[in-house]
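Working notes, beginning with the structure itself.
Residue numbers (this note's numbering): 606 to 1312.
Structure follows, in structure tokens:
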């Protein structure tokens, strides 16, 4: 077993790496064919290994080790082995059982995790081949995770001083060959930042999780698996806050005023500019004034044409948003499909933040290849005509130093599932749209008012004059609405006035894609980790999925409460974002991994000191949320298992009752109804929050007949 406690020396950071066997120095870029002696090429996945060997030689030999394949290329002066990992083959582990724990090391994943037993055969093969080789090439995905995966295999089984990095953004043969003809030294900036991220996540996760589990064990003598994490917990807190806001929501009445007008036998509708009106009395005053005047005067009528520029090519999060919006795919599903398409060499590397295509990419060649796919043949021909063969893609603001935006390689798909086709089609169409001309839109706006009182009404129209890029990517096509032509000071006949009662709405129920958007907006997690973190919250039974969206479980709510009270820093995006920035500084070389880890240890130690002082009460709370114990006074609402906070109610039902009573005055001002009518109205409305419903049904309608 290998100790983790090592330090990357300054020697290994040099752009020129000393070769201890030959006494020579390998320059910053080296062709694999210049190396003399056996070479091990490490791919991240089996499919990638097959693509790599096919690119390197037509005369490779497929060999078997147990039930897995690896490949061999022989020449007069060298032998090249191409073998793969299956993701991470090493993980952080400790033999210590208590907390806080800051002693750990890298061990084979199959030792630390029963579910990773399948990785053992891959590690055995790589170890066997590594001991036979003189040189090593990390050809795992060119991102932080790929850099760490390959590095640890080389460190524990090879010699990092004789190791190289292959950098590529697609598994197209030409790009792979170019990559292996321009090998670079190991990317220690990415390795160090990757190791730092793994260590941070591990020490945060294991210490807080063990503290929570210890609290439950002390209270119940039962071992229950609970978890918390540096990115996971602020994400759970965000979802919890949204769900609580919905559960405590009271809809308020409001009134929307619209007027039907007639011009040249065409009927169209205008809206009151002050919508929504907050009381029915005020709305009826406006309605009466409009009906009395019998017409509205046109004060403004403007039409303008504007360009609608194409969207930039996809990065991963943009692709996830669109696949969720159009097909209802979860972020994790889209990410998995994109990775499958990448491994089939159909698209470039998907885990990228970039919205830019490289100028070195042969756009014309990709388009020619895409035209061989029947569904894109006409679109490609049209694009070449419209652009006159001048291919300049639109670019977004976001960049990624490792990879460009996602683009199709032009390789023809062979056997894709319906969902894979859906994602592939989105990527192709977005790529085509990036080269297309802007759409030309016509926007019309009219402002009208009553002749005496000056109540103002407005309407707007939109028309597509030239579709441009919308032909290629139709998923953003606006609905056409054409207004009749109006003249300033013209009188337009009133046909009808409608006052429609509506109610304020709670914030929308979150879906997985909304959570991913939030994580990106507050800069926590990475392109590759956000979707898996969201899924982990469901696996831990902190969340559940419903047809309408995400719901928090009692356990999830209890965990957030405990961590908010005793580990407030862990629920804060500020702390998480600070450590994300520190990881970035490690990558940039301005801060060492050790410095960042030591800072994290100091924060965790202080938090655990506070936690341990209240561990008994924390254990009692979590045990109750888990449904293990009931030796406490429960909330008087029959369906609630939470502990009493005040007046025989839990914290949330107490807040709901207070809010229900306080907001009646606002309802009375808007709608002028009695308290009991107010309660019944709320009880029958689907947008009334769950906790509000509970207190209406079990307290107010039963115990407050005097209201």
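Cβ coordinates follow ideal geometry from the N, Cα and C atoms, glycine included.
Nearest residue (CA-CA) to residue i, options the options
i, options, result
"residue 562", "1015, 1283 and 1102", "What the structure shows of the chain is the stretch from 606 to 1312, and residue 562 is not part of that stretch, so it cannot be assessed."
"residue 646", "1071, 784, 1181 and 1298", "784"
"residue 1244", "1267, 1266, 1286 and 1300", "1300"
"residue 826", "963, 1102 and 818", "818"
"residue 636", "683, 677, 671 and 666", "683"
"residue 1278", "1159, 950, 886 and 755", "886"
"residue 1214", "812, 767, 794 and 779", "812"
"residue 894", "939, 1195 and 1054", "1054"
"residue 718", "1105, 695, 691 and 737", "695"
"residue 674", "727, 834 and 700", "727"
Residue j beta carbon less than 9 Å from that of residue i
i, j, result
"residue 656", "residue 781", "yes"
"residue 1007", "residue 920", "no"
"residue 958", "residue 1005", "yes"
"residue 1108", "residue 1292", "yes"
"residue 926", "residue 1121", "yes"
"residue 745", "residue 1191", "no"
"residue 981", "residue 1035", "no"
"residue 735", "residue 693", "no"
"residue 977", "residue 952", "no"
"residue 875", "residue 1095", "no"
"residue 755", "residue 649", "yes"
"residue 697", "residue 1188", "no"
"residue 1073", "residue 849", "no"
"residue 836", "residue 1138", "yes"
Classification of residue i by the beta-carbon crowding that lies within 10 angstroms, buried from 16 upward
i, result
"residue 1029", "buried"
"residue 859", "buried"
"residue 663", "exposed"
"residue 930", "exposed"
"residue 844", "buried"
"residue 639", "exposed"
"residue 918", "buried"
"residue 642", "exposed"
"residue 878", "exposed"
"residue 630", "Below a pLDDT of 50, predicted positions are generally treated as unreliable, and residue 630, at 43, falls in that range; the measurement from the model is reported next regardless. Under this definition residue 630 is an exposed residue."
"residue 808", "buried"
"residue 572", "Because the chain here runs from 606 to 1312, residue 572 falls outside it and cannot be looked at."
"residue 743", "buried"
"residue 1110", "exposed"
"residue 681", "exposed"
Distance between residue j and residue i (C-alpha atoms, nearest Å)
i, j, result
"residue 823", "residue 1221", "7 Å"
"residue 1057", "residue 910", "33 Å"
"residue 994", "residue 968", "10 Å"
"residue 1209", "residue 1167", "15 Å"
"residue 1170", "residue 1226", "12 Å"
"residue 985", "residue 748", "32 Å"
"residue 725", "residue 1296", "51 Å"
"residue 774", "residue 1176", "36 Å"
"residue 1178", "residue 1091", "52 Å"
"residue 769", "residue 741", "6 Å"
"residue 1257", "residue 937", "33 Å"
"residue 687", "residue 752", "17 Å"
"residue 1206", "residue 992", "57 Å"
"residue 1087", "residue 975", "37 Å"
"residue 1294", "residue 883", "21 Å"
"residue 852", "residue 1144", "23 Å"
"residue 1304", "residue 1216", "36 Å"
"residue 711", "residue 943", "30 Å"
"residue 628", "residue 810", "Caution is warranted here: a pLDDT of 36 is assigned to residue 628, below 50, making its placement in the model unreliable, and the coordinate value is therefore given only provisionally. Their Cα atoms are separated by approximately 44 Å."
"residue 730", "residue 670", "7 Å"
Residues near residue i by beta carbon distance below 6 Å, same chain, minus five either side
i, result
"residue 1048", "909 and 1067"
"residue 652", "948"
"residue 1075", "1044 and 1082"
"residue 1156", "1149"
"residue 715", "721, 722, 724 and 725"
"residue 1233", "825"
"residue 776", "656 and 950"
Residues near residue i in its chain [Cβ-Cβ closer than 7 Å; skip 5 each side]
i, result
"residue 1003", "920, 958, 959 and 960"
"residue 847", "1112 and 1115"
"residue 1124", "840, 1130 and 1135"
"residue 1182", "1127, 1128 and 1129"
"residue 1104", "860, 862, 888, 889 and 892"
Own chain, CB closer than 8 Å to residue i, minus 5 neighbours either side, in chain order
i, result
"residue 997", "1040"
"residue 815", "703, 704 and 706"
Check: residue i C-beta below 8 Å from any heavy atom of the ligand NAP
i, result
"residue 635", "Although the ligand NAP was asked about, the structure shown includes no ligands whatsoever."
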